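A.B. asks: Chains as they are written, first to last, in this note's numbering: chain A, 1 to 374; chain B, 1 to 374. First the structure, then my questions, so here it is.
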């Protein structure tokens, strides 16, 4: 699919995303070297997702740092739509959010939108999205968030707090606006239309609770930005700061650029619950974009930009920039053939999965330390 | 305003209502003598609001009685939109609901839609609608509902129970449907569009709680019917009975037929919180439709159908049908002049208000016996 044909909404990501175009389309700001330097002043080091501009854009991050430097500390808010098991792509903003929590000592609200996924997925019942919520929460906890500073909640279990606030947001959002931003149609159900109000609440919830304005930073996959484009217009009308946002790119599909995302094809990604065998198989079947034969690949080389295996290293599995460059170069110059390339990655992924799955099992006893219910 | 020009929606009642037309327009069934006889079989006597067809229409009341006669008991559900103080018109469905509770020993859910009134009234904050909720609850309790069988709740205080169920309803209501039934526009806010889902929930809440299908009867002012027209389509899709409904006419304005309703003009009705002086003054200024002079009135007589004073007796202040007929006849034959007519009613109303206000004060200590919170 041509880059022109991409679609990025909270409910559909399709085509090969042109992030430069998306910056213009969404009206977000690229993260530049000055901003990175400002962050580094406080964090001492830069997470590889910042160095590599995997977190590539933002809204009002400079303002957030101004406030922070004035002593006005921020809290974090991110979320998960529990439509199924967690895949590796979901981990990107979560891993980065944990880093931010560690570096800034920030409180985190983690919203699980079980209502949303029920409303948007015809085949799912609330019981299903609740079950997936608790599966996903195991992955969140497994990443090592601070239980004293991390508050995870399901919309349907925390709605005595959320709903009255959502109603305050909803009063300021017309159908016109929701339709323009989210593309609702006459057939859209009225829960879908309302839903963005629920997602807006954690962006000012700490201000409600502390009865004073507290800055909020939302790390998210860029597909979720439309919710906050709307919410940011509403917040000042309720007397709150607009939340700052930092946007990540989306983990490319294992099946290559422009192919459909995970929900419709489990071969396109690896779930944290996949067995070693399944994960290996998916990787061995991944798209590399290498030449059709080993001989041609040695002669002509491949393109790491479209190689799923290279991209997996880049996004998640090799923190060392120099090593990533070596892998990319080996792909480029044809010295690394697809089989070996995939087998190397498979080792890394399987190692990660085994450790993660162990932590995930241990997390079962930790849930109540993290969960927030009314 | 001509009878052709009337409008009846949950948020606007305008013009002189033609109830026969409304029956056709809403697709509801008139209450006939057979149905009254069936009710009387169980209640022994008929409430004057039934005898006079103040409760004039229904949906599936015959089905509800079939179920009741098979031993499948029903529960009651009614509600209040707390946009201000309670006026006498609001009491009509409540008084009748209490009678039903007494006669059938039925459990009652009483929903206070503070979220709705906040969403639909630009000038009201949630704090305002909550304050009015608790004012209105005093009036409800003052009417003598059984505290063991009556469960009153505010949407914003019971939303941990209501919201997840509302989402289940919302999934089955398209924007098209909501727009067609409620007349939403592009400027409507997304909370308004969602709201009907919240009002639907108590119509099946008892079935959710008891994990079995329980018939529900909703006594309401006919202006609220559109909510349940939509809800009744959804209920079977969730596996529940459609609720039965019994519809009341709306108390006419003190200012005469076709004049605007209370919200826009406090002279048009009497609030339960009005002082004796205010109530007397409103009644003495009421529209009677009598002739311009006493002489002409004695000669030509008046029309009780358009006389607010006669209508107040009919709807609320004279339970004895014979006495109502005497009052109507005295208006018709010109023997009862406006001044005396009004003064007589004022006595009745003031007596009612004094007693009600006493009970209302006593109700302050009773609230916690009735209220349901998550």
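The C-beta atom is built at its ideal place from N, Cα and C for all residues, glycine as well. Remember, it's a predicted structure, so these values are computed and weren't measured experimentally.
Can a CB atom of chain A be found closer than 8 Å to the CB of residue 163/B?
C.D. replies: Under the Cβ criterion of 8 Å, residue 163/B is counted among the residues facing chain A.
A.B. asks: Just checking: is the beta-carbon of residue 355/A within a distance shorter than 8 Å of some beta-carbon in chain B?
C.D. replies: no
A.B. asks: By the DSSP assignment, the beta strand (DSSP E) with residue 248/B in it spans what residues?
C.D. replies: 244 to 248
A.B. asks: Is the region 111 to 124 of chain A close to the region 54 to 70 of chain A, with three or more CB pairs under 8 Å?
C.D. replies: Contact between the region 111 to 124 of chain A and the region 54 to 70 of chain A is absent: fewer than three C-beta pairs spanning the two stretches fall below 8 Å.
A.B. asks: Can you tell which of 213/A, 184/A and 194/A has the C-alpha that lies nearest to the C-alpha of residue 167/A?
C.D. replies: 194/A
A.B. asks: For residue 205/A, which of helix, strand or coil comes out of DSSP?
C.D. replies: helix
A.B. asks: What residues in the region 227 to 241 of chain B have a beta carbon less than 7 Å from any beta carbon of chain A?
C.D. replies: none
A.B. asks: From the DSSP output, which residues share a beta bridge with residue 111/B?
C.D. replies: 79/B and 153/B
A.B. asks: Output, in chain order, the set of chain A residues within a Cβ distance shorter than 8 Å of residue 414/B.
C.D. replies: The first residue shown for chain B is 1 and the last is 374, placing residue 414/B beyond what the model contains.
A.B. asks: Can you give the Cα-Cα distance for residue 360/A and residue 138/A, rounded to whole angstroms?
C.D. replies: Take the alpha-carbon of residue 360/A and the one of residue 138/A: they are about 5 Å apart.
A.B. asks: What do you get for residue 66/A, buried or exposed, if any count of 16 or more other CB atoms within 10 angstroms of its CB means buried?
C.D. replies: Exposed: under 16 other Cβ atoms inside 10 Å.
A.B. asks: State buried or exposed for residue 47/A, treating a residue as buried only when at least 16 other CB atoms are found within 10 Å of its CB.
C.D. replies: buried
A.B. asks: Suppose contacts are defined by Cβ-Cβ distances below 8 Å. Is residue 73/B in contact with residue 257/B by that definition?
C.D. replies: no
A.B. asks: Measuring from the CB of residue 283/B, is there a heavy atom of the ligand NAP at a distance below 7 Å?
C.D. replies: As for the ligand NAP, it is missing from this structure, which has no ligand bound.
A.B. asks: Give the residues of chain B in contact with residue 23/A, contact being defined as C-beta atoms less than 8 Å apart.
C.D. replies: Neighbours of residue 23/A on chain B: none; closest Cβ ~27 Å, over 8 Å.
A.B. asks: Residue 159/B CB to nearest chain A CB: under 8 Å?
C.D. replies: Closer than 8 Å: yes.
A.B. asks: Run the CB neighbour count on residue 7/A, radius 10 Å, all protein chains shown included, and call it buried at 16 or more, exposed below.
C.D. replies: exposed
A.B. asks: Classify residue 284/B: buried if its beta carbon has 16 or more other beta carbons within 10 angstroms, exposed otherwise.
C.D. replies: exposed
A.B. asks: Which residues does DSSP list as the beta-bridge partners of residue 360/B?
C.D. replies: Answer by DSSP bridge pairing: none, since residue 360/B is not bridged.
A.B. asks: For the candidate residues 220/A, 238/A and 259/A, whose alpha-carbon lies nearest to that of residue 244/A?
C.D. replies: 220/A
A.B. asks: Consider the Cβ of residue 205/B: report whether some Cβ of chain A lies at a distance smaller than 8 Å.
C.D. replies: Using beta-carbon distances, residue 205/B does not count as an interface residue toward chain A, since no partner is under 8 Å.
A.B. asks: Any C-beta of chain B sitting closer than 8 Å to the C-beta of residue 171/A?
C.D. replies: It does; some Cβ of chain B falls within 8 Å.
A.B. asks: Taking Cβ-Cβ distances below 7 Å as the criterion, which residues of the region 110 to 132 of chain B are in contact with chain A?
C.D. replies: 115, 118, 119 and 126
A.B. asks: Looking at C-alpha atoms only, which residue of 20/A, 5/A, 22/A and 21/A is the closest neighbour of residue 14/A?
C.D. replies: 5/A
A.B. asks: Using only the alpha-carbon positions, how far apart do residue 280/B and residue 288/B sit?
C.D. replies: Going from the Cα of residue 280/B to the Cα of residue 288/B covers about 15 Å.
A.B. asks: Cβ of residue 9/B less than 8 Å from any chain A Cβ?
C.D. replies: For residue 9/B, the answer is no, since every Cβ of chain A falls outside 8 Å of its Cβ.
A.B. asks: My assumption, with CB atoms under 8 Å, is that residue 154/B sits in contact with residue 130/B. Please give the rounded CB distance.
C.D. replies: Cβ-Cβ separation between residue 154/B and residue 130/B: approximately 7 Å, consistent with a contact (criterion under 8 Å).
A.B. asks: Should the region 36 to 45 of chain A be called in touch with the region 71 to 87 of chain A, which here means at least 3 C-beta pairs below 8 Å?
C.D. replies: no
A.B. asks: Can you tell me which of the three DSSP states residue 2/B falls into?
C.D. replies: Residue confidence for residue 2/B is low, a pLDDT of 42 falling below 50, so the modelled location carries little weight; the figure read from the coordinates is stated next. In this structure, residue 2/B counts as coil in the three-state DSSP scheme.
A.B. asks: Indicate whether at least one CB of chain B lies closer than 8 Å to the CB of residue 268/A.
C.D. replies: no
A.B. asks: What does the Cβ neighbour count give for residue 180/A, buried or exposed, with the cut at 16 atoms within 10 Å?
C.D. replies: exposed
A.B. asks: Buried or exposed: residue 364/B, going by 16 or more other Cβ atoms within 10 Å of its Cβ?
C.D. replies: exposed
A.B. asks: Give the straight-line distance between the Cα atoms of residue 313/A and residue 10/B, rounded to the nearest whole angstrom.
C.D. replies: 58 Å
A.B. asks: Could you compute how far the alpha carbon of residue 26/A sits from the alpha carbon of residue 222/A?
C.D. replies: 9 Å
A.B. asks: When you compare the CB of residue 38/B with every CB in chain A, is at least one pair closer than 8 Å?
C.D. replies: no
A.B. asks: Helix, strand or coil: which one does DSSP assign to residue 34/B?
C.D. replies: Helix, per DSSP.
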